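Worksheet: one structure, shown below.
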Amino acid sequence: MQQQSPKRRSILRIIGSILLVLSLLLFVWLLGGAVAGGWIMHADHYGAEFAAFGKWYFALAGALTLAVILCFLRRDLPAALLGTAAYLPMLGILLKAISIADSYGWSGQTEQSFGRAASTVWRNGMMWNAVPLLLLLLLTLTRFFSYDAAAKRRAKRDADENRPSPPILSDDTESAQQDSTVVSPSRHRDA
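Quick note, my numbering runs 56 ahead of the 1-based positions in the sequence shown.
Given below as structure tokens:
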């Protein structure tokens, strides 16, 4: 397998980072945010459960955004874990909303979606949230498992293992023990 040049890797990482930010803004905040905002604004029609779905969606979108920020701060493992932990409940919310809409037979009410099932409109608006998660996982895990990162972790581990151990007795303790004399309480009784 041929190894890529460092310049090519950095260009690919920059392109991936730009795509990550654009997909986060477009898919999570614009498309998914429009669906969740519609749930909140029309809670009187959909019910309080959908208002809660919308609020949870925005909280989870914020967590996914925090995961992207952690990725840019080179905290790869926490970014991957937080991104996954934010996306899975987001997907659960969407699936629950779709099943409710299908069971009641709701259809879209806007001119663009009139006549289409509401679940289809919501699915089309929110399923794209997987794109930023996949890009986030790709960027974080390729950097975490890269040869350079593994070599750096190995060097740190070796330095920690080869560090001299602290002395059992420090110099202060030894000198204090030599200077002090043990006096038996039976010898010095008050008269």
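C-beta: ideal position from N, C-alpha, C; glycine also. What you are looking at is a predicted structure, and each value in this text was computed from that prediction instead of being measured.
Under 8 Å, do residue 76 and residue 124 count as touching if we go by C-beta distance? yes
Should residue 149 be labelled buried (16 or more other beta-carbon atoms within 10 Å of its own) or exposed? buried
If I follow the unbroken alpha helix (DSSP H) through residue 98, where does it start and stop? Unbroken run through residue 98: none, as it is neither H nor E.
Applying the 10 Å Cβ sphere with the 16-neighbour rule, what's the burial state of residue 201? exposed
Short Cβ contact (8 Å threshold) for residue 181 with residue 91: yes
Taking the alpha-carbon of residue 144 as reference, which of 203, 222, 190 has the nearest alpha-carbon? 190
Is it buried or exposed for residue 133, if we count other Cβ within 10 angstroms and need 16 for buried? exposed
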